[in-house]
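**Q**
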Amino acid sequence: MILVMGGAGYIGSHTVKHLLDNGYKVIVADNLIYGHREAVDERAKFVCADLLDKDSLDNLFKNNQIAAVVHFAAFAYVGESVENPEKYYYNNVIGTLNLLHAMLTYGVKKIVFSSTCATYGEPQYTPIDEQHPQNPINPYGRTKLVIEQIFADYEKAYGLKYIALRYFNAAGCSADGKIGESHNPETHLIPLVLKAIKGERKDIKIFGTDYDTPDGTCIRDYIHVEDLALAHRLAIEKLNSYCGYINLGTGIGTSVKEIIIAAEKVSGKKCLIEYVERRAGDPARLFANNTKAKEILGWQPQYTDIKDIIQTAWNWELNKRY
Ligand code: UDP
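So the sequence shown is residues 5 to 326, counted in the numbering used here.
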């Protein structure tokens, strides 16, 4: 059985569904602070558990035959992490230490982990490969980097087998429309653009138009959440023969303006735009060199056209269940 920590969240819930569709037995643990109970596939076993509660973690491992862990459970608001770093270091770092403690106590030595391109910080070159120096520029990114370093130490000392997947910008929703992206508060570009198009918000604010990019707006690498889910399954299946870190992105850069144009095409409606100042800590361009994911995991993103990604997000936005 695979334990998915944080399996009621956005990427976690899509991974749970993908694992179940591919014959895995899954147990989901989530504290439901940001996760949605409705997002958890009914074929999975569900336990409400918090990483900071060592007893509930102990019970999870005592009462279930767990072969490997996929660990999504983390706070992930960059701005909040700057204002309240303690919340992030406690939950993300101490929480992961507690999880690793329970794993090792029960002899579970395999983990796939949600890391992030935010561990690289301001890019020195693009596309970003895994050799790029890691100098995160906010506490959120630092929590993820510290955890990667803990894994490397635990590998040497305790034989932990880990793969840290460094995501670029997760986007889109499940193709069947059953689960999708629902953050509160929402800060991500694509859902905010779609809400503006729907009339749920007044407009979309573009953070800066004077970046050194062709249209002056920031470029990001938007990867479909089901392609992320697929990579997690492939990573679980690779844990016997590979240990380390792997970028997950499409390798394609899309600007903020291009996202808005694509969303207008998909929805057939216009989006009201307000141009505002740059947001602190936003690099001009971030996109992945994904050669390692292709070579090591045998992974290939299925979604390479941003319109197809946005179409799945639009379908969800029109028929959200949670
Ligand atoms: N962005 C924007 N307006 C918004 C939200 C985001 O212009 O309301 C821009 C942001 O500056 C970045 C890109 O959209 O360049 C993606 O931002 P998001 O917060 O979705 O992801 P991030 O790249 O910060 O992880």
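From the three backbone atoms N, C-alpha and C, an ideal C-beta is built for every residue, glycine too.
(1) Give the secondary structure of Y124 by DSSP, where H, G and I count as helix, E and B as strand, and everything else as coil.
(2) Would you say the beta carbon of N173 is closer than 7 Å to some non-hydrogen atom of the ligand UDP?
(3) In whole angstroms, what is the alpha-carbon distance linking I31 and I6?
(4) Would you mind reading off the limits of the beta strand (DSSP E) that contains D34?
(5) Can you list, in chain order, the residues of its chain whose CB lies under 7 Å from that of K273, leaving out five sequence neighbours each side?
(6) Mind checking which residues open and close the alpha helix (DSSP H) that includes K58?
(7) Just the C-alpha distance for D312 and Y162, rounded to the nearest angstrom, thanks.
(8) Following a CB-centred definition, is V403 positioned closer than 7 Å to any heavy atom of the ligand UDP?
(9) Roughly how many angstroms separate the alpha carbons of A53 and M107, rounded to a whole number?
(10) What would DSSP say about A168, mapped onto helix, strand or coil?
(11) Assuming the contact rule is C-beta atoms closer than 8 Å, I15 and S118 should be a hit. Round their C-beta distance to whole Å, please.
(12) Less than 8 Å between the CB atoms is what I'm expecting for L169 and I250, so what's the real figure, rounded?
(13) How many Å lie between S186 and Q128 at the Cα?
(14) So for L7, helix, strand or coil by DSSP?
(15) If I measure Cβ to Cβ from L164 and keep anything under 6 Å in the same chain, skipping five residues before and after, which residues do I get?
(16) So, under 8 Å CB-CB, I183 and K324 are touching, yes? Tell me the CB distance rounded to an integer number of Å.
(17) Our contact map puts G181 next to W303 with C-beta atoms below 8 Å; I'd like the distance itself, whole angstroms only.
(18) So, is A284 buried or exposed, given that buried needs 16 or more other C-beta atoms within 10 angstroms?
(19) Below 8 Å between beta carbons: does that hold for R282 and L23?
(20) Regarding P210 and the ligand UDP, is the C-beta to nearest heavy atom distance less than 7 Å?
(21) Following a CB-centred definition, is T217 positioned closer than 7 Å to any heavy atom of the ligand UDP?
(22) H192: beta carbon under 7 Å from a heavy atom of the ligand UDP?
(23) For a minimum of 3 consecutive residues, which ranges assigned as the beta strand (DSSP E) are wholly contained in the stretch 190 to 258?
(24) Please return the same chain residues whose Cβ sits closer than 8 Å to the Cβ of L234, not counting the five positions on each side in sequence.
(25) Let's test the definition: count the other Cβ atoms within 10 Å of the Cβ of E204 and tell me whether it reaches 16, buried, or not, exposed.
(26) Between which two residues does the alpha helix (DSSP H) containing K148 stretch?
(27) Between which residues of its own chain and S327 is the CB-CB distance below 7 Å, once the five residues before and five after are set aside?
(28) Within 10 Å of its beta-carbon, does G176 have 16 or more other beta-carbons around it, so buried, or fewer, so exposed?
(29) Using C-beta distances below 7 Å, list every residue in its chain close to Y326, excluding the 5 sequence neighbours before and after it, in chain order.
(30) Tell me the residue span of the beta strand (DSSP E) that contains V51.
(31) Whole angstroms is fine: what's the gap from Y172's alpha carbon to P189's?
(32) Rounded to whole angstroms, how far is the Cβ of Y328 from the Cβ of V82, which I believe are closer than 8 Å?
**A** Per the coordinate set shown:
(1) coil
(2) yes
(3) 6 Å
(4) 30 to 34
(5) I201
(6) 58 to 67
(7) 43 Å
(8) Here the chain has residues from 5 to 326 only, and residue 403 is not among them.
(9) 15 Å
(10) strand
(11) 7 Å
(12) 6 Å
(13) 33 Å
(14) strand
(15) K113, Y158
(16) Contact doesn't hold; Cβ gap of about 10 Å is too wide.
(17) Not a contact, Cβ separation roughly 24 Å.
(18) exposed
(19) no
(20) Strictly speaking, residue 210 in this sequence is Ile, with Pro absent from that position. Under cutoff, so the answer is yes.
(21) no
(22) yes
(23) 208 to 211, 226 to 228, 248 to 252
(24) H22, W303, Q306
(25) exposed
(26) 143 to 162
(27) In this structure the chain extends from 5 to 326, so residue 327 is not present and cannot be described.
(28) buried
(29) H40, E42, A43, S186
(30) 49 to 52
(31) Checking the sequence shown, residue 172 turns out to be Phe, not Tyr. Straight-line Cα distance between these residues: approximately 20 Å.
(32) No information on residue 328 is available, as it lies outside the stretch 5 to 326 that the chain covers here.
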